[in-house]
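Undergrad: What follows is a single structure, and I will ask about it in a moment.
Numbering (the working numbering), first residue to last: 6 to 119.
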């Protein structure tokens with residue numbers, strides 16, 4: 006479908022059916038998850054597994070999407086000494102206030118990665 010060009014005229018749902026973004030879901034320990042996120046920012050491709058390596062070679066993809074914010078979130082969660090302390094901290098947080106506190110990329114702006 007990519008070769009004949011029909012992929013590009015499909016709606017989003019059809020594209021996801023013929024080419025799902027997610028192939029595998031796997032629980033990782035926090036260290037491995039953070040390392041996978043960190044290596045997504047490497048200049049040289051660092052695949053997370055053999056399948057990704059083969060697919061990126063096949064499709065001539067040179068870099069993974071950077072996962073900096075995912076890594077920062079995992080590091081922040083990991084900084085709490087217990088689930089209970091994380092629950093106490095987040096109990097009174099509101100999504101709107103947290104968005105105001107943490108948003109750095111606003112509508113109409115783009116993130117340019119090098």
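Even glycine gets a Cβ: it sits at the ideal position worked out from N, Cα and C.
Note that this is a predicted model, so its numbers are computed, not measured.
Quick one: is residue 3 buried, meaning 16 or more other Cβ sit within 10 Å of its Cβ, or exposed?
TA: Here the chain covers residues 6 to 119 and nothing more, so residue 3 does not appear.
Undergrad: Taking only three categories from DSSP, how would you classify residue 22?
TA: Look at residue 22 here: in three-state DSSP terms it is helix.
Undergrad: Please return the same chain residues whose Cβ sits closer than 7 Å to the Cβ of residue 51, not counting the five positions on each side in sequence.
TA: Setting aside the 5 residues that flank it on each side, residue 51 is surrounded in the same chain by 44, each with a C-beta closer than 7 Å to its C-beta; the list follows chain order.
Undergrad: Assuming contact is defined by CB atoms lying nearer than 8 Å, are residue 37 and residue 72 in contact in what I supplied?
TA: Going by C-beta atoms, residue 37 is not nearer than 8 Å to residue 72.
Undergrad: Over what stretch of residues does the alpha helix (DSSP H) that includes residue 78 continue unbroken?
TA: For residue 78, the enclosing alpha helix (DSSP H) starts and ends at 73 to 83.
Undergrad: By Cβ distance, which residues of its chain are closer than 7 Å to residue 82, with the 5 residues on each side in sequence left out?
TA: Around residue 82: 91.
Undergrad: Provide the residue span of the alpha helix (DSSP H) that contains residue 89, from first to last.
TA: 88 to 95
Undergrad: Under 8 Å by Cβ, that's how I've got residue 56 and residue 22 pegged, so tell me the actual separation to the nearest angstrom.
TA: Their Cβ separation, rounded to whole angstroms, is 20 Å, which puts residue 56 and residue 22 out of contact at 8 Å.
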